[in-house]
Amino acid sequence: MYRIIISSLLLLVGLALTVGGFWLSVLGGSWAYLLIGAGMLISAALLFARRMSGVAIYALTLIGTLAWALWEVGFDWWALSARGSLPVVLGLLLLPVAWNWSSRIHPVAKVRDRGADGSWLALLVAILLSAGTAIYAAFSAPHDLPGSVPDERMAANDDAIPPSDPLVPPGEWHAYGRTSYGQRYSPLDEITPANVDQLEVAWTYNTGEIRDQNDPGETTYEVTPLVIDDTMYVCTPFSTVIALDPVTGAEKWRFDPELKQPPSQTTQHMTCRGVSYFDGSRAPAAADGPDTATATTDGPTRVAESRTEVTTDAAGVPQNVVTGNATADAPNPSVARDAPGRPDTSPACVRRLFVPTADGRLISISAETGEICPGFGGEDGTINLWANMPNITPGSAYSTSPPVVTPKVVIVGGTVNDNASATSPSGVIRAYDVYSGELIWNFDSKNPNQLAPIPEDESYSENAPNSWSVSSYDPKLNLVYIPMGNQSPDQYGANRSEAVEKYSASVLALDADTGEVAWVFQTVHHDLWDMDVPAQPSLIDLNVNGQTVPALVQPTKQGEVFVLNRETGEPVLPVTETPAPQGAVEGDFTAPTQPVSAISFAPPPLRESDMWGATPIDQLACRIRFRQLDYEGRYTPPSLDGTIVYPGNFGTLNWGAVAVDPKRQVMFAMPVYLAFTSKLVPRPDATTRVVTKEGEAVFNENFGAPYAAQMGPFTSFLGLPCQQPPWGYVAAADLTTGETIYRHVNGTVRDLSPIPLPFEMGVPGIGGPIITGGGVAFLSGTLDYYVRGYDLQTGAEIWRARLPAGGQATPSTYLGRDGRQYLVVVAGGHGSTGTKAGDAIIAYALPQG
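12 is the number of the first residue of the sequence shown in our numbering; add one for each residue after it.
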């Protein structure tokens, strides 16, 4: 009976591999699966017939599988496992049958059958060879690139590099990237590679706000805590702002904006990456701004109002919106701007926070008390970001990133839902007086020369490219650096204007006082892949060939990291235009070339042999799918048949950006590699759903465009990535030469697999790293629930701590009043990555002593 069971298993697996292998070979792929499957079928037939040669045939099949696997992928354990794990398991199951036959006495000759002996030994040898190869491969690291930052760089003198912002004390974290330069670098050096393993939890705080099934799918904790003047500031995905004692974690105050949460069907993101801080005592006051010498307390009160009344059509898509002075019967309601208010003169509002909300507001509150600062846009301290917006529906336009604050203005961009409609709200970027909230200028990328505040009765250009991520500011040059996105639909660009083509997928430098364009650098030409620039630019002064160069480091989704002169926009490190695949759908076109930087984490093009699975069967299915989809490498244009997008629109680098060390002149990053698929689906009309069902979110429908889009990760029928691991690394690059210093596989599948296996496969992540003066980099963004410390010099992981939920945020570090350096991490999870939801804020420090 046992022999029958094993023979049946061989028959089923062999049949699957033979049929699939034939299909793959017809598509022009490898013949190996057909041959392996045929070997298993022959072996099974002989075993059913009680022929001992069936064991020998299987042994030869196993040896052939091993030889082919080594030829195709070398000593790469996970790649070998996909090809050989199931055949080896079947061989082990067959071994008792072979042993039983070899030890049986022939009834006539009264001796053992030597053929059975030979078959058993052949099978044993094949299994031992496979096991030995697996053990050797398990200790290999074929994807790692070892290296180290030179000792002289690590020992560089801090005094030789002036601070990027002298108004930010070394022990504080004043902005999303610590300063307006967006470096994510702290000069604190108490924590070092020698003592980082002693870090322990100093305190834990829970916000009490956790996503549930009623929230939008991408409800995420992405906040980087600020620490200013012995107070920590965080926000939750629901725009609640909380002030904490940074040494004890005790709550000081809480501001609830009484959010009118938009419906999940029309809201892509529910997140708050942070709030912005302004200190009026260090900035020139406006003419009617606060007089800190004579200010009095007026006792500002928080004002809340009902902001949205929604009507829907038969499909459940929100239509008219009543908000502010909107006209209820207008198909595209026009929201009047609030008149500039009389700035608050209370001492509590000299230091203030600017809070973006998911229902389209920008609120000014006191950094001292958390109370509203009246006069910023009105008595409720609020700017209505829906003012003058076309095509507003709840959840269609809002800001998820902290605005830029200069001594005069607060500059805010915003999220516009991707691929919902070709008539989306505008991606306009606006600057408001930092005290009164008066609109100073607006940059509408479809009308880039119309910078004067828009008249009350006009609307911005619909569907203009937006900036949803974090911007940077150089106070010396008075330039704000803005990462730009694209207009919808992302995958079809035939109708884009000249201005849209110029500013899409670019980094843009604007005069902070006027909004005038200083320069623009495009990172992708005629973007058809959702490769909007996702990350905050990092500003750093580099020593290149003996000269100090004011530089900007711009990470991108496609893996290029452009190093530009931030005064002129010209490349500091070489940028090469390389030929790109052609063949867009009818009516559209593709750019003939695309820019490639000297610093590039772009992966090599996928090959059929890069396909992966838990077994040869699902791997074979992925290879068949690879052959069916259109793919000519990076920038393969979208098609009606479906394409592979690699790197996928998840991004090699995303909003977490990179960390740059101004002292050591190096960059630390978390490159991610996940392939996606994209397919254009012709639309019969402007309003019919074609890729979503009633009640679902309408994303990727592209209402009003010629095509909807089917998009998602490139996975097998088991839900595993079709491309082989690793899917995530940590890496460092020399910013003065462009050289990649090291690259190491990063992260385990402990929290991604049904069984918590701690395999170091290199997992994706989203969130950013930080660098400290002590030579330690920290990162919590991987999809396993850990915060990790790395030796900046070598990239080696030297510390990790378990988190209670996903840590998809960028940490920060600060000096407590007790003299200790703290590391603070937010562990709240990320809806679109599927990590566990939570609400924890955790601070670590070295033991007191």
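Beta carbons: idealized from backbone N, C-alpha and C, even for Gly.
Quantities reported herein were computed from a predicted structural model and do not represent experimental measurements.
- Going by other Cβ atoms of all chains shown within 10 Å of its Cβ, with 16 needed for buried, is T322 buried or exposed? Residue placement at T322 is poorly supported in this model, since its pLDDT is 39, which falls under 50; the coordinates are not used for a value here.
- Task: Can you say whether F728 is buried or exposed, counting buried as having 16 or more other CB atoms within 10 angstroms of its CB?
- Result: The residue in question, F728, is exposed, as its Cβ has fewer than 16 Cβ neighbours within 10 Å.
- Query: Sorted by chain position, which residues of the same chain lie with C-beta nearer than 6 Å to G580's C-beta, five sequence neighbours on each side aside?
  - Reply: Result list for G580: W530 and F532, in chain order.
- Any beta strand (DSSP E) of 3 or more consecutive residues that is wholly inside the segment 395–460: If you keep only unbroken beta strand (DSSP E) runs of at least 3 residues inside the segment 395–460, you get 420–423, 440–444 and 450–454.
- Query: Cβ of P561 within 7 Å of Cβ of A668?
  - Reply: With contacts defined by Cβ atoms closer than 7 Å, P561 and A668 do not form a contacting pair.
- Task: Assign G310 to one of three DSSP states: helix, strand, or coil.
- Result: Bear in mind that a pLDDT of 30 at G310, under 50, signals an unreliable position, so the number given afterwards is only what the model happens to contain. If DSSP states are grouped into helix, strand and coil, G310 belongs with coil.
- Task: Pull up the distance between the alpha-carbon of P767 and that of G778, whole angstroms please.
- Result: Roughly 23 Å between the two C-alpha positions.
- May I ask you to report which of helix, strand or coil DSSP gives I17? Annotated three-state conformation of I17 is helix, per DSSP.
- Message: Can you look up I221 in the DSSP assignment and give me helix, strand or coil?
- Response: Coil, per DSSP.
- Query: If you draw a straight line from the alpha carbon of D223 to that of V481, how long is it in whole angstroms?
  - Reply: Taking the straight line joining both Cα atoms gives about 27 Å.
- Sort out for me which residues DSSP pairs L2 with in a bridge. The first residue shown for the chain is 12 and the last is 860, placing residue 2 beyond what the model contains.
- Item | Bridge partner(s) assigned by DSSP for L103 | Answer by DSSP bridge pairing: none, since L103 is not bridged.
- Neighbour-count burial assignment, V37, 16 or more Cβ in a 10 Å radius: The Cβ neighbour count for V37, taken over all protein chains shown within 10 Å, is under 16; the residue is labelled exposed.
- Query: Leaving out five residues before and five after I877 in sequence, what residues of the same chain have Cβ atoms less than 8 Å from its Cβ?
  - Reply: There is simply no residue 877 to check, as the chain begins at 12 and stops at 860 in what is shown.
- Query: Secondary structure at V238, three-state DSSP: helix, strand or coil?
  - Reply: Looking at V238 - three-state DSSP - the assignment turns out to be strand.
- Message: Taking a contact to mean a Cβ-Cβ separation below 7 Å, would you say V439 touches Y471 in this structure?
- Response: Closer than 7 Å, so yes.
- Per DSSP, what kind of secondary structure is S689 in: helix, strand or coil? Collapsing the DSSP output to three states places S689 in a strand.
- Please name the residue, chosen from I635, Y642, E449 and A475, that lies closest to P466 on a Cα-to-Cα basis. Residue E449 is the option with its Cα nearest to P466.
- Task: List in chain order: all unbroken beta strand (DSSP E) runs of 3+ residues lying wholly within the segment 763–801.
- Result: The beta strand (DSSP E) runs of length 3 or more contained entirely in the segment 763–801 are, from start to end of the chain, 781–783 and 787–790.
- Excluding sequence positions up to five away, which residues of its chain have a Cβ less than 7 Å from the Cβ of G662? Within the same chain, G662 has close Cβ partners P545, K568 and V683.
- Item | Separation of V760 from P548, as counted between CA atoms | Their backbone Cα atoms lie some 31 Å apart in a straight line.
- Exposed or buried, E163, counting other C-beta atoms within 10 Å across all chains shown (16 or more means buried)? Under the 10 Å beta carbon count, E163 is surrounded by fewer than 16 other beta carbons and is classified as exposed.
- Message: Let me check one thing: in DSSP terms, what residues is S608 bridge-paired to?
- Response: In the DSSP output, where bridge partners are listed per residue, S608 has V586.
- Item | Segment contact, 8 Å Cβ cut-off, at least three pairs: the segment 640–655 with the segment 773–792 | The segment 640–655 vs the segment 773–792: no contact.
- Item | Terminal residues of the beta strand (DSSP E) in which P627 lies | P627: not part of any beta strand (DSSP E); member of the alpha helix (DSSP H) spanning P627 to Q639, first to last residue.
- Query: Given R754, which residues of its chain have a CB within under 7 Å of its CB, disregarding the five upstream and five downstream residues?
  - Reply: D155, L156, Y740 and A742.
- Rounded separation between R675 and V99 - CA only: Using only the alpha carbons, I get a separation of about 49 Å.
- Between the C-alpha atoms of P615 and L396, what's the straight-line distance to the nearest angstrom? Answer to the nearest angstrom: the Cα atoms are 42 Å apart.
- Query: Under the three-state reduction of DSSP, which class applies to G723: helix, strand or coil?
  - Reply: DSSP places G723 within a strand segment (E or B) once states are collapsed to three.
- Message: If you measure between the beta carbons of V282 and T426, is that distance less than 7 Å?
- Response: Note that residue 282 is Thr in the sequence shown here, rather than Val. No. Outside cutoff.
- Message: Classify I16: buried if its beta carbon has 16 or more other beta carbons within 10 angstroms, exposed otherwise.
- Response: Label assigned to I16: exposed.
- Query: For V84, which three-state DSSP category applies?
  - Reply: Here V84 sits in helix by DSSP.
- Message: I want to know whether the segment 514–530 touches the segment 583–597 - three or more CB-CB distances under 8 Å.
- Response: Contact fails: fewer than three Cβ-Cβ distances are below 8 Å.
- Item | Endpoints, beta strand (DSSP E) assigned at V701 | Looking at the DSSP string, V701 is not in any beta strand (DSSP E), and its letter there is neither H nor E.
- Buried versus exposed call for P236 [16 or more other C-beta atoms within 10 Å across all chains shown]: Buried, because 16 or more other Cβ atoms sit within 10 Å of the Cβ of P236.
- Task: Please name the residue, chosen from V136, W131 and S92, that lies closest to A149 on a Cα-to-Cα basis.
- Result: Taking the Cα of A149 as reference, the smallest distance to any Cα among V136, W131 and S92 is reached at S92.
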